[in-house]
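Have a look at the structure below before the remarks.
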Amino acid sequence: MRKDAPAFVRVSAKKGKGKQEDLRKKPQAVDDWCKANLIIDGKAYSFPEIIKADFNTLTRIRQEIDVNNLAMPDDLKNYMINTLYEIRFPRKEFADALEVTVCPYCNRNFVNSTFDKTMCDLDHFYEKSEYPVLAISFYNLIPVCHYCNHTKSTNKITYSSHDGRFKTDEMLAFDFHIRGMDFLYDKQQLGIEIYDAKEIESNIDILKLRELYQIHTDVVQECIKKAMMFEPKGSLAIDELKRYLKLQGLSDDEIHQFMLSNRASIKIRHNSNLWKLWHTPDRLMKEIQGLE
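Structure (structure tokens):
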């Protein structure tokens, strides 16, 4: 096996007999299958290259498999899934390297590591049973919470967090509606709506995020209360706080976000749970305050 293969693949290249000897040969067999079958624009992709390929390349490989109805032999498929992925893949190291602390599918649950374990599941964007050659490709694996991984199961969704063509804050927006007069005291009288672009629509539907987010009406309720507390004009204390934050280098938008959600740093918001829900009601609160 090539030296540029990851260590968890090369670890099988030890001398042995019987089953061990058979496992020692499997990485080379996978490499040979890849080079013989996965040829795109005249380039034959090796096994190590597929492991490290970016998301766009993986998409082209998936298309090549579909168009030509390619099927990996059962023994190699079992090796990819049951040995390399299930046993040898370094889950914690992989999740730590990505520095993802909140599930990118639902943006609700933390998926960070604790000591020697990781709290995340790894979702295969391209299902490993259909595309076993991608079972350990870095950009096919997404650290997600157990709820999202279990709910998605083998369903196909359209948006991967590894897809650099899109940004979720440009495809997703939250709104809310009031169901009763006591919404300031009873969060059940508030409802949350999600508006999504077509690129992420299947994610929202399959993961049941519209239904799931209804338990977070307390966030909207808190934002509304703060909007009513922080009058835009006429308060010397608020004006003084704004001047101080301005001196600290915060923009007008960052100051408004800080005052409404107590989250001053927007640089790490993508790793803060519910950051999108906290951020989007900003426009709605401006409407409540009469700023628009």
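Position 206 (the sequence shown) corresponds to 207 in the numbering used here; numbering is contiguous.
All C-beta atoms, glycine included, are put in the ideal place defined by N, C-alpha and C.
On a predicted model such as this, the values are computed, not experimentally measured, just so you know.
Can you list, in chain order, the residues of its chain with a C-beta nearer than 7 Å to that of residue i? Leave out the 5 residues immediately preceding and following it.
| i | result |
| --- | --- |
| Asp162 | In the sequence as presented, Asp is not what sits at residue 162; that position holds Ser. Answer for Ser162: Pro105, Ile143, listed in chain order. |
| Asp33 | none |
| Val102 | Before going on, a small fix: residue 102 reads as Thr here, not Val. Same-chain partners within the cutoff: Phe111, Val112, Asn113, Asn272. |
| Asn150 | Asp122, Asp124 |
| Thr119 | Arg92, Lys93, Ala96 |
| Pro7 | Ile52 |
| Ile205 | Ile195, Asp197, Arg211 |
| Lys243 | Ile256 |
| Asp75 | none |
Below 8 Å on the Cβ atoms is my contact criterion, and I expect residue i with residue j to pass it. Report the Cβ-Cβ distance as a whole number of Å.
| i | j | result |
| --- | --- | --- |
| Ile201 | Tyr214 | Not confirmed; about 14 Å, so no contact. |
| Ala136 | Leu85 | 7 Å |
| Ile51 | Ser138 | 6 Å |
| Tyr132 | Arg61 | Rounded, the Cβ-Cβ distance is 12 Å, inconsistent with contact. |
| Ile82 | Lys129 | 6 Å |
| Val134 | Met73 | 6 Å |
| Asn108 | Phe126 | Between Phe126 and Asn108 the Cβ distance is about 17 Å, and since that is not below 8 Å, they are no contact. |
| Leu77 | Ala30 | 6 Å |
Identify, in the order they occur along the chain, each residue of the same chain with its Cβ nearer than 8 Å to the Cβ of residue i, setting aside the five sequence neighbours on each side.
| i | result |
| --- | --- |
| Ser252 | none |
| Gln222 | Phe184, Leu185, Lys188, Leu191 |
| Ser47 | Arg3, Asp32, Cys35, Lys36 |
| Thr152 | Ile207, Leu208, Lys209 |
| Met172 | Tyr160, Asp197, Ala198, Glu200, Ile201 |
| Phe177 | Leu191, Gly192, Ile193, Glu194, Thr218, Val221, Pro282, Leu285 |
| Arg180 | Gln189, Gln190, Leu191, Gly192 |
| Met182 | Gln190 |
According to DSSP, residue i sits in a beta bridge with which residue or residues?
| i | result |
| --- | --- |
| Ser114 | Thr119 |
| Asp197 | Leu173 |
| Asp124 | Ile143 |
| His178 | Gly192 |
| Val220 | Answer is none; Val220 lacks a bridge partner. |
| Val103 | Phe111 |
Suppose the cutoff is 6 Å on Cβ atoms and the five residues either side in sequence are ignored; what does the same chain contact list for residue i look like?
| i | result |
| --- | --- |
| Tyr196 | Ala174 |
| Asn38 | Leu71 |
| Asp164 | Phe56 |
| Asn156 | Ile207 |
| Tyr80 | Lys27 |
| Phe167 | Glu200 |
| His147 | Asp122 |
| Ala98 | none |
With hydrogens ignored, establish whether the beta-carbon of residue i is closer than 8 Å to any heavy atom of the ligand MN.
| i | result |
| --- | --- |
| Ser203 | For the ligand MN, the structure offers nothing, since it holds no ligand at all. |
*Should the stretch 88-101 be called in touch with the stretch 113-121, which here means at least 3 C-beta pairs below 8 Å?*
yes
*With a floor of 3 residues, list each beta strand (DSSP E) that falls wholly inside the stretch 136-176, ordered by position along the chain.*
List check, beta strand (DSSP E) in window: 142-145.
*What are the uninterrupted segments assigned as alpha helix (DSSP H) that are 4 or more residues long and contained completely in the stretch 21-90, given in chain order?*
48-53, 56-68, 75-79
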